[in-house]
Amino acid sequence: METLQKIWNLFLDVIFPPICVNCLRRGEKALCDECAARIEINNSFFCPECNRRLPARDSLPKNQNLCHPRVKFVLAAAASYQDRVVRELIHALKYNRAKTVLEPLGEIINKYLEKVIRNSKLEIRNFAVVPLPLHPQKERERGFNQAYLVAEVLRQCLEVRPPRGSTSQILTSIREEVEPRKIGIETNNLVRTKNTKSQTKMKDHEKRQENVSGAFSLKRPEAIVGQNVILVDDVFTSGATMKEAVLVLKNAGAKKIIGFVIAKT
Numbered sequence: 001m002e003t004l005q006k007i008w009n010l011f012l013d014v015i016f017p018p019i020c021v022n023c024l025r026r027g028e029k030a031l032c033d034e035c036a037a038r039i040e041i042n043n044s045f046f047c048p049e050c051n052r053r054l055p056a057r058d059s060l061p062k063n064q065n066l067c068h069p070r071v072k073f074v075l076a077a078a079a080s081y082q083d084r085v086v087r088e089l090i091h092a093l094k095y096n097r098a099k100t101v102l103e104p105l106g107e108i109i110n111k112y113l114e115k116v117i118r119n120s121k122l123e124i125r126n127f128a129v130v131p132l133p134l135h136p137q138k139e140r141e142r143g144f145n146q147a148y149l150v151a152e153v154l155r156q157c158l159e160v161r162p163p164r165g166s167t168s169q170i171l172t173s174i175r176e177e178v179e180p181r182k183i184g185i186e187t188n189n190l191v192r193t194k195n196t197k198s199q200t201k202m203k204d205h206e207k208r209q210e211n212v213s214g215a216f217s218l219k220r221p222e223a224i225v226g227q228n229v230i231l232v233d234d235v236f237t238s239g240a241t242m243k244e245a246v247l248v249l250k251n252a253g254a255k256k257i258i259g260f261v262i263a264k265t
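Residue numbers for the sequence shown follow the UniProt record's numbering, so the first one is 1 and each next one is one higher.
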């Protein structure tokens with residue numbers, strides 16, 4: 001069945017070549033090389049409160065922000081949401097269900113990992129990858145959780161340690177490390193219990209925070225005690241949603257938390 005699917009996909013690519021989501025030119029990939037080259041990759045962690053760049057080597061192992069110590073996580077954002085190419089990729093995934101963009105998103109994520117996380121003192125194998133959950137009703141309506149798809153790409157990137165500068169192997173089946181790193185995705189603990197309103201058009205920070213207050217809970221709080229977590233979403237705007245989820249994880253005893261997104265505003 002898998003072979004037939006590959007043949008069918010190849011047939012479709014021949015008849016209907018992929019179109020670049022940004023410039024709309026036909027080619028071999030969902031994002032052409034020219035548009036991909038325009039993307040500026042971030043090279044630091046960020047304070048989720050004031051957006052200040054944080055030195056990876058100093059801030060992350062201690063998991064404390066130098067400017068806002070009360071914020072209990074650091075933000076890892078691969079690129080800027082102001083970048084049109086990045087924005088088009090995210091919209092294609094989130095609203096058009098275009099899973100073909102997962103490969104260029106993987107390229108963005110891996111380049112960021114090379115610049116930041118792989119150069120830090122962080123032992124990434126000690127972290128569980130947790131996608132920010134949607135409310136069950138919203139996930140049924142959409143048909144998928146984009147945060148889970150991003151988390152799966154991130155997991156694959158973290159498990160592979162390619163040569164510096166190489167990103168082409170990330171979404172393939174190549175796994176040739178001497179000691180393969182296994183990083184799991186935890187989807188059965190953190191749940192969204194409140195079907196919140198969309199925050200896209202909410203400009204007031206307090207209203208955003210009120211909207212997501214009490215939106216998350218844990219099925220097994222005891223499993224979080226002492227756990228390091230990478231909490232994954234697609235975009236970080238005000239951070240209200242992620243901060244609420246972090247609060248639940250921290251109250252349950254989570255240790256270090258990284259908020260990971262493709263892009264931040």
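Cβ coordinates follow ideal geometry from the N, Cα and C atoms, glycine included.
Taking a contact to mean a Cβ-Cβ separation below 8 Å, would you say residue i touches residue j in this structure?
| i | j | result |
| --- | --- | --- |
| V101 | R38 | no |
| G259 | P48 | yes |
| Y112 | A147 | no |
| V116 | F45 | yes |
| V261 | D234 | yes |
| S213 | V248 | no |
Would you call residue i buried or exposed, if buried means 16 or more other Cβ atoms sit within 10 Å of its Cβ?
| i | result |
| --- | --- |
| A245 | buried |
| E107 | buried |
| S166 | Residue placement at S166 is flagged as unreliable, the pLDDT there being 45, under the threshold of 50; a coordinate-derived value is accordingly withheld. |
| N195 | exposed |
| S238 | buried |
| L54 | buried |
| K207 | exposed |
| P133 | buried |
| L24 | exposed |
| R156 | According to the sequence shown, residue 156 is Gln rather than Arg. Q156 is buried by the Cβ-count criterion. |
| N110 | buried |
| E88 | buried |
| N126 | exposed |
In angstroms, rounded to a whole number, what distance separates the CA positions of residue i and residue j?
| i | j | result |
| --- | --- | --- |
| G253 | A36 | 40 Å |
| D83 | E40 | 8 Å |
| H205 | F236 | 13 Å |
| V225 | G143 | 32 Å |
| I185 | N251 | 21 Å |
| N189 | K203 | 30 Å |
| Q209 | S198 | 12 Å |
| F16 | V150 | Summary for F16: the model assigns pLDDT 47, below 50, so the residue's position carries little reliability; its value from the coordinates is reported in the next sentence. So the two alpha carbons sit approximately 26 Å from each other. |
| E28 | N51 | 36 Å |
| K256 | K219 | 20 Å |
| P18 | L105 | 16 Å |
| L231 | S80 | 18 Å |
| C67 | E114 | 25 Å |
| K264 | E222 | 31 Å |
| N43 | A98 | 27 Å |
| V178 | N211 | Low confidence applies here, because V178 scores a pLDDT of 38, under 50, leaving its location unreliable and the question unanswered by this model. |
| R70 | A215 | 21 Å |
| L122 | R26 | 41 Å |
Whose CA, out of the options, lies closest to the CA of residue i?
| i | options | result |
| --- | --- | --- |
| A128 | K138, T187, R70 and H68 | T187 |
| N22 | K115, L122, H91 and N145 | H91 |
| K243 | V116, L75 and T193 | L75 |
| T200 | E222, T241, P221 and R155 | T241 |
| Y95 | A151, K219, E141 and R155 | E141 |
| N228 | L93, F73 and I19 | F73 |
| L93 | T265, A223 and L31 | L31 |
| V160 | K138, E139, P221 and I124 | I124 |
| E103 | I183, D33, V71 and N42 | D33 |
| E139 | L158, T193 and I183 | T193 |
Assuming residue i is part of the beta strand (DSSP E), what are its boundary residues?
| i | result |
| --- | --- |
| R192 | L190 to R192 |
| K94 | Premise fails: K94 lies in the alpha helix (DSSP H), R84 to N96, not in any beta strand (DSSP E). |
| L218 | F216 to L218 |
| L231 | N228 to F236 |
Alpha helix (DSSP H) containing residue i: first to last residue?
| i | result |
| --- | --- |
| D33 | D33 to A37 |
| I108 | L102 to K115 |
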